[in-house]
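What follows is a short report on a single structure.
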Amino acid sequence: MDVNKIVIDNLIKQWNKIISNVKYNPTYREITLKAWKRCKKKDVNPKLPTYYSLSKEELQIKQQENKKIIKVAKPFMEDISLSLRNIPHVIFLTDKDAWAIGLMGTLKGDGIGEGINYAEDYVGNSTIETALKEGKPLLIYGAEHYVERYRHLCCFGLPIRDKRNKIIAALNVSVPTKYAAPQNLIIVLTAIKGLEEKLSETELIEEQDIGGRIRKLRKQRSLSQTVVADRADISQSFLSDIENGKKSPTLRSIRLIAKAFNISSKDLII
Numbered sequence: 001m002d003v004n005k006i007v008i009d010n011l012i013k014q015w016n017k018i019i020s021n022v023k024y025n026p027t028y029r030e031i032t033l034k035a036w037k038r039c040k041k042k043d044v045n046p047k048l049p050t051y052y053s054l055s056k057e058e059l060q061i062k063q064q065e066n067k068k069i070i071k072v073a074k075p076f077m078e079d080i081s082l083s084l085r086n087i088p089h090v091i092f093l094t095d096k097d098a099w100a101i102g103l104m105g106t107l108k109g110d111g112i113g114e115g116i117n118y119a120e121d122y123v124g125n126s127t128i129e130t131a132l133k134e135g136k137p138l139l140i141y142g143a144e145h146y147v148e149r150y151r152h153l154c155c156f157g158l159p160i161r162d163k164r165n166k167i168i169a170a171l172n173v174s175v176p177t178k179y180a181a182p183q184n185l186i187i188v189l190t191a192i193k194g195l196e197e198k199l200s201e202t203e204l205i206e207e208q209d210i211g212g213r214i215r216k217l218r219k220q221r222s223l224s225q226t227v228v229a230d231r232a233d234i235s236q237s238f239l240s241d242i243e244n245g246k247k248s249p250t251l252r253s254i255r256l257i258a259k260a261f262n263i264s265s266k267d268l269i270i
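First residue of the sequence shown: 1, per full-length UniProt numbering; consecutive thereafter.
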């Protein structure tokens with residue numbers, strides 16, 4: 001059962017109802033009312049929030065810690081940005097603690113940037129924190145934002161899971177409310193599904209000592225790196241880096257190397 005799809009389908013069905021009611025009553029939805037109560041209890045200032053930001057060095061450390069998810073997410077963020085190229089937008093990638101570790105898009109302004117923590121304690125109700133804590137997508141439309149400077153935005157957040165179904169990050173897409181449309185939710189959902197699949201593939205490859213297997217096969221068959229690289233149509237330096245664990249092989253390179261040994265990709269991975 002795809003929980004994300006079920007939630008998004010429901011949001012799309014209720015889209016017009018949500019938008020029309022929120023304009024007159026920002027806390028029309030129970031999830032928003034509860035969030036506003038939490039924000040008041042935490043003394044979040046709706047007019048002048050206190051942003052908690054990382055230093056340049058601290059951000060670099062966070063990005064290094066999350067380099068795998070950043071690398072995998074980047075092309076999917078680019079696809080979303082390309083789909084929204086005709087409207088102002090910003091796409092955030094956050095780690096499991098709601099730190100913005102990646103950003104893409106054209107929207108600028110206070111409260112938008114890498115290194116900012118998007119937890120509710122600092123920025124009010126957030127699609128990011130809900131996605132991370134509850135493990136489901138969330139739409140926050142304009143006036144539903146507790147913090148006033150975000151009320152011109154429609155924000156949509158989704159959790160990102162690894163192959164063990166553990167939430168490791170979140171993706172948020174924000175556009176001005178006048179450009180908000182239900183089809184944007186489908187664009188993001190499609191990207192997340194592809195991202196999670198790619199992440200699982202990457203983890204599978206990294207968990208295997210593929211470099212060691214390649215080296216062992218070469219020795220068994222008395223083949224040099226040059227010969228295997230030529231057969232696989234890859235550079236010898238790339239093959240050497242894979243064998244020494246300096247680089248992770250792509251699925252394509254695994255197929256090519258397996259073909260060079262006349263075995264299946266599965267036999268090389270497992």
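Every residue gets a Cβ at the ideal spot worked out from N, C-alpha and C, and that includes glycine.
Just so we're clear, the structure is a prediction, and the values are computed from it rather than from any experiment.
- The secondary-structure analysis by DSSP pairs Gly157 across a beta bridge with Leu138 and Asn172.
- Per the C-alpha coordinates, the member of Gln220, Thr250 and Gly124 positioned closest to Asn45 is Gly124.
- The Cβ atoms of Ile80 and Ala191 sit closer than 8 Å to each other.
- Within its own chain, the residues whose Cβ lies closer than 7 Å to the Cβ of Ile187, once the five positions on either side in sequence are excluded, are Ile80 and Ser83, listed in chain order.
- Distance between Pro137 and Phe76, taken at the CA atoms: about 17 Å.
- Here Leu11 is not near Leu153, since their CB atoms are 8 Å or more apart.
- According to the DSSP assignment, Phe92 belongs to no alpha helix (DSSP H) but to the beta strand (DSSP E) extending over Val90 to Asp95.
- Note: Ala100 is bridge-paired with Thr94 in the DSSP secondary-structure output.
- For Ile70, the enclosing alpha helix (DSSP H) covers residues Lys67 to Ser83.
- Linking Gly142 to Leu185 through their CA atoms gives a straight-line distance of about 16 Å.
- Ile263 sits in coil when the DSSP states are folded into three classes, being neither helix nor strand.
- Where Val147 is concerned, there is no enclosing alpha helix (DSSP H), because DSSP gives it neither an H nor an E.
- In the three-state reduction of the DSSP assignment, Ile112 falls in the coil class, being assigned neither a helical nor a strand state.
- In its chain, beyond the 5 residues on either side, Glu120 and Asp121 have a beta carbon closer than 8 Å to the beta carbon of Lys42.
- The three-state reading of DSSP puts Ser20 in helix, counting H, G and I together.
- Per DSSP, reduced to three states, the secondary structure at Ile12 is helical.
- Linking Lys17 to Ser53 through their CA atoms gives a straight-line distance of about 36 Å.
- Relative to Val147, the option among Asp110, Ile167 and Asn172 whose CA is nearest is Asp110.
- Taking 8 Å as the cut-off, the Cβ atoms of Gly157 and Thr177 do not count as close.
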